Amino acid sequence: MKRILLPLEDTERSLKALQFVKSNYSSRDVDVVLMMVDESIGYTSRPDIENAALSALEEKLELISASLAEFEVIRKTAVGKAGVRIVRTAREVGADIIVMTKSSKDDMLSSIGRTTEYVINNAQCPVLVVNEIMGNQKYRGLVYRKASSIVNLRGQLGDKQSECLLPSVNVDCIYHIDMTVGRIKFIHTSYNPVTRAWDLPPASGQEAYIEIDAGERVDILIKADSTKGRADRIRIVNRDMKKEAVFSYKITAADSKVDNTDN
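Just so we're aligned, residue 271 is where the sequence shown starts under my numbering, counting upward by one.
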């Protein structure tokens with residue numbers, strides 16, 4: 271079981287990291303340490319003031335942890351410099367990776383944003399920074415365009431791609447997945463014209479996430495949906511931090527007619 275340290279602020283953009291963890295990691299593989307730091311309280315503050323601040327942070331983390339019900343969650347609170355506290359906590363809890371956000375706007379610095387460089391330079395484990403704005407960014411994983419292929423994804427801590435996009439399809443279809451090595455998460459999302467990103471759950475009650483282990487063969491029915499000409503996105507993520515994942519896929523029309531892909 272690996273451990274993720276997830277420092278958060280009381281801001282909407284900070285919760286991007288929370289959503290990233292939910293989308294990319296499995297509760298069977300990781301537990302999560304939620305952390306909040308109050309930088310307005312100094313190290314020399316009176317004990318009653320510090321305790322009140324810690325209690326307020328604990329209440330916030332308790333509410334946030336409810337959205338991670340499927341994960342084992344540990345809550346940590348602290349006062350002082352955020353960067354120092356994050357690095358220290360990562361060491362104390364034995365974190366395998368730190369996942370945090372940083373605003374992409376120069377005029378929107380925050381306690382976590384200001385300390386990102388410090389954490390990256392001083393943490394003894396990898397640091398993954400989730401950008402606040404994702405909509406206009408080019409996807410950096412592997413992109414497959416054929417109706418069938420074999421896929422090899424590296425572990426998440428490696429220096430090569432650990433995720434990929436399968437072809438988007440404009441008709442109801444079936445994704446046939448044959449998992450040979452490792453474990454993956456099959457992620458189905460719809461386009462959001464407001465955020466200009468694929469961050470909405472699929473329509474018609476379809477499953478957003480399906481976990482597939484080595485030796486499993488699954489047939490996943492995908493009902494075609496398109497918003498402003500943007501087909502739903504099928505994203506595959508290697509669920510392991512270090513080990514590779516290998517699988518083959520084939521896309522067929524739901525009525526078993528000729529394959530029809532637009533990527």
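For every residue, glycine included, the Cβ atom is placed at its ideal position computed from N, Cα and C.
For clarity, every value in this text was computed on a predicted model and none was experimentally measured.
Pull up the CB-CB distance for residue 275 and residue 359, whole angstroms please, since I reckon it's below 8 angstroms. As a working note, residue 275 is residue 5 in the sequence shown. As a working note, residue 359 is residue 89 in the sequence shown. So it is a contact: roughly 6 angstroms between Cβ atoms.
Have a look at residue 271 and residue 509 and give me their C-alpha separation to the nearest angstrom. Reading the sequence shown from its first residue, position 1 is the one you call residue 271. Reading the sequence shown from its first residue, position 239 is the one you call residue 509. Rounded to the nearest whole angstrom, the CA to CA distance from residue 271 to residue 509 is 12 angstroms.
The alpha helix (DSSP H) enclosing residue 417, as first and last residue numbers: Walking along the sequence shown from the start, residue 417 turns up at place 147. Secondary structure note for residue 417: it is in no alpha helix (DSSP H), with a DSSP letter that is neither H nor E.
How far does the beta strand (DSSP E) with residue 448 in it reach, from first residue to last? On the sequence shown, residue 448 is found 178 positions in, with the first residue counted as 1. Counting along the chain, residue 448 sits inside the beta strand (DSSP E) bounded by residues 443–451.
Please go through the region 313–352 and give each complete alpha helix (DSSP H) segment of 4 or more residues, from N-terminal end onward. Restricting attention to alpha helix (DSSP H) runs no shorter than 4 residues, the region 313–352 encloses them at 317–335, ordered along the chain.
Short Cβ contact (8 angstroms threshold) for residue 335 with residue 285: Your numbering for residue 335 matches position 65 in the sequence shown. Your numbering for residue 285 matches position 15 in the sequence shown. The Cβ atoms of residue 335 and residue 285 do not sit closer than 8 angstroms to each other.
Once DSSP output is grouped into helix, strand and coil, what is the label at residue 406? Locating residue 406 in the sequence shown gives position 136, counting from the first residue. Note on residue 406: pLDDT 49, under 50, position unreliable in the model; the coordinate value appears next. Three-state DSSP puts residue 406 in coil, outside helix and strand.
Simplified DSSP assignment, three categories, for residue 462: For the purposes of this step, residue 462 is identified with residue 192 of the sequence shown, where counting begins at 1. Residue state, collapsed to three classes: strand.
In angstroms, rounded to a whole number, what distance separates the CA positions of residue 391 and residue 294? Mapped onto the sequence shown, residue 391 falls at position 121. Mapped onto the sequence shown, residue 294 falls at position 24. In this model, residue 391 and residue 294 are separated by some 24 angstroms (Cα to Cα).
Would you mind sorting residue 277 into buried or exposed? The rule is 16 or more other CB atoms within 10 Å of its CB. If you number the sequence shown from 1, residue 277 lands on position 7. Buried.
Roughly how many angstroms separate the alpha carbons of residue 448 and residue 308, rounded to a whole number? Within the sequence shown, the letter at position 178 stands for residue 448. Within the sequence shown, the letter at position 38 stands for residue 308. Rounded to the nearest angstrom, the gap between the Cα atoms of residue 448 and residue 308 is 48 angstroms.
Between which two residues does the alpha helix (DSSP H) harbouring residue 293 extend? Working through the sequence shown from its first residue, we reach residue 293 at position 23. Per DSSP, the continuous alpha helix (DSSP H) segment holding residue 293 begins and ends at 285–294.
Please name the residue in 521, 330 and 345 whose C-alpha comes closest to that of residue 417. Taking the first residue of the sequence shown as position 1, residue 417 is located at position 147. When each option's Cα is compared against that of residue 417, the closest is 521.
Which one of 489, 426, 319 and 419 has the shortest CA to CA distance from residue 436? As a working note, residue 436 is residue 166 in the sequence shown. For residue 436, the closest alpha carbon among the candidates 489, 426, 319 and 419 is that of 419.
Ordered along the chain, which non-local residues of its own chain (more than five positions away) have a Cβ less than 6 angstroms from that of residue 536? Any answer about residue 536 is impossible in this case: the structure gives the chain only from 271 up to 533.
Starting from residue 467, trace the beta strand (DSSP E) in both directions and tell me its first and last residue. Here the question's residue 467 lines up with position 197 in the sequence shown. Unbroken beta strand (DSSP E) run through residue 467: 467–470.
Flag this pair as yes or no: are the beta carbons of residue 479 and residue 513 separated by less than 8 angstroms? Walking along the sequence shown from the start, residue 479 turns up at place 209. Walking along the sequence shown from the start, residue 513 turns up at place 243. Result no, Cβ atoms of residue 479 and residue 513 do not sit closer than 8 angstroms.
For residue 365, count the other beta carbons within 10 Å of its own beta carbon; 16 or more makes it buried, fewer makes it exposed. Which is it? To locate residue 365, count along the sequence shown from 1; it is residue 95. The residue is buried, with at least 16 neighbouring Cβ atoms inside 10 Å.
Name the residue from 273, 288, 328 and 393 whose alpha carbon lies nearest to the alpha carbon of residue 342. As a working note, residue 342 is residue 72 in the sequence shown. Nearest to residue 342 by alpha-carbon distance, out of 273, 288, 328 and 393, is 273.
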